[in-house]
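Let me begin by presenting the structure, written as structure tokens, before commenting on it.
Below, the structure is given as structure tokens:
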């Protein structure tokens, strides 16, 4: 576990450096926009998705520079989604990573624009020649990220999540919600390494299976944290799902069965990687890490 | 002028068909998202940017399918920007194209998500093989659109526009605001044809000059409409800039000088196209059309 935490920290630092360079504050009266983009993105988060990109890219000997730029792009998308999700019209959250959310620190208009700009920048980063020398690879990255992040992925999942307050979702509905809202971007994080490394379809299939189970594990762990975590551990409000009367994996399965299910899925995720050598050990370890995390 | 209006109408219909196919309503509890995306995009607008794409692409014998897909992508970005700009935290507009704005027709959360999904979809459309067979071309389109639409373009201009209520902009400041807020996307609309057609750098330079002057003409005409237009003609609230005490080309130059300046710029725009044959006539005519438009 120590090796995994070290690898997570190293990736977090490296992707932070890349993001810091990308998110320069420009002169002019619109400087506030750049400041809010940095505030939303830098100095926080586990950088779990970047870790998945870097580790999946390492399986195919992709250059670390390429992997880190794609990792940064995914983190830009992840951070934009948090900024918009936190807005008063959406989840109305005041705290994120223990700090005021962007619309609290700046204002709502700035938060909307910061999210828009972060999302746009993610595609600019992917399409840039410095990310990969091959145009087909760059275009494939853009297409796959857009598919994962858009109406058929993350944004669709967020819409479904809002609707879920009005409808009663069963375990199948919740699984679908999760697959869209968080699973798709986690899946792209793993797939990105395979795209960059022009991996075989067998290798891609294995990573897709891994990412699918990992994504579910991640969401169940998140639901458990919302019930069992403290605001100090998570840096955000807890217990919100229960207050909102929203069905979650935990509300349907109960804490014990949800935890058992997460462990089962984590093992299952690792098993998808059977064909890879020890270079896949960090990904195998990550699945268990997700179950054990406290924030 | 009749030929131009016919060309505008034909492009508007063709791009409407492409958008209609792209924006399918998917089954599921998140169907509301797809409905709001269609509401925001279909059945309205002059489709002026699509016209510029189609006409600039025609200069380089680009297939109409390619041009229309890029035109649709730009229109998705334009429509997303309107949805977010209309939000209560931004311009707080109730009317758009004579209809309730998206957050009025649906709700704020849906409007935020619809905008996010439309923006994301634009990049998905550009990166798709059906848009162009060459990956480098697709990646270049993505990079150029992201640059035009993001923090260094349209979103930066929107931030500057919000700040402009607090600061006093001079004519240079307003020109810069316009170049970011509307000019960058208009410039990309013209540049897109050159990217698709892998045009020479001379041809690109000419189109860039045309687009620059056209964008300014467009904005001055917009400011004139805000002063002289009626809600029936424009389908949106008018006189808002004056109420907000915002400096515009008209407030600084006055109506007469602003109109003269727009005409001058329109002629100047057309002159950039001197090296092209009569295939550039619609673009030449468009510059004058912009000055004369009443909505």
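Chains as they are written, first to last, in my numbering: chain A, 1 to 295; chain B, 296 to 590.
No residue lacks a Cβ here, since even glycine has one placed at the ideal position from N, Cα and C.
A quick note: this is a predicted structure, and the numbers were derived from the prediction, not measured.
Query                                                                                                                             : Result
Burial state of residue 277 (chain A) (16 or more Cβ within 10 Å)                                                                 : exposed
Alpha-carbon spacing of residue 75 (chain A) relative to residue 298 (chain B), whole angstroms                                   : 48 Å
CA nearest to the CA of residue 560 (chain B), picked from B:308, B:514 and B:575                                                 : B:514
Interface flag, residue 249 (chain A) vs chain B, CB-CB below 7 Å                                                                 : no
For residue 391 (chain B), three-class secondary structure by DSSP                                                                : strand
Within chain B, the residues that residue 123 (chain A) reaches when beta carbons sit closer than 7 Å                             : 418, 437 and 441
Where residue 16 (chain A) sits in the DSSP three-state scheme                                                                    : helix
Listed by chain order, chain A residues near residue 450 (chain B) by CB distance under 8 Å                                       : 33, 113, 116, 117 and 120
CB contact check: residue 158 (chain A) to chain B, cutoff 7 Å                                                                    : yes
Residue range of the alpha helix (DSSP H) that includes residue 76 (chain A)                                                      : 64-85
Opening and closing residue of the alpha helix (DSSP H) in which residue 584 (chain B) lies                                       : 576-587
Helix, strand or coil at residue 567 (chain B) [DSSP, three-state]                                                                : coil
DSSP-derived helix/strand/coil call for residue 462 (chain B)                                                                     : coil
Under 7 Å by beta carbon: chain B residues contacting residue 29 (chain A)                                                        : 455, 458 and 462
Inter-stretch contact (C-beta, 8 Å, three-pair minimum) for the region 192-205 of chain A and the region 333-350 of chain B       : no
Beta-carbon neighbours of residue 245 (chain A), restricted to chain B and to distances below 7 Å                                 : Near residue 245 (chain A) there are no residues of chain B at all, since even the closest Cβ is about 16 Å away, more than 7 Å.
Rounded separation between residue 54 (chain A) and residue 64 (chain A) - CA only                                                : 7 Å
Rounded Cβ spacing between residue 406 (chain B) and residue 382 (chain B) (contact assumed at less than 8 Å)                     : 6 Å
Close-in-space but distant-in-sequence residues of the same chain around residue 171 (chain A) (CB under 8 Å, 5 per side omitted) : 249, 252 and 253
Helix, strand or coil at residue 196 (chain A) [DSSP, three-state]                                                                : helix
Residue 147 (chain A) (DSSP reduced to helix, strand or coil)                                                                     : helix
Interface partners of residue 257 (chain B) on chain A, CB under 7 Å                                                              : Because chain B is modelled from 296 through 590, residue 257 (chain B) falls outside the range shown and cannot be assessed.
C-alpha gap between residue 272 (chain A) and residue 206 (chain A), whole angstroms                                              : 5 Å
Where residue 355 (chain B) falls: helix, strand or coil (DSSP)                                                                   : coil
Where residue 274 (chain A) falls, given that 16 or more other Cβ within 10 Å makes a residue buried                              : exposed
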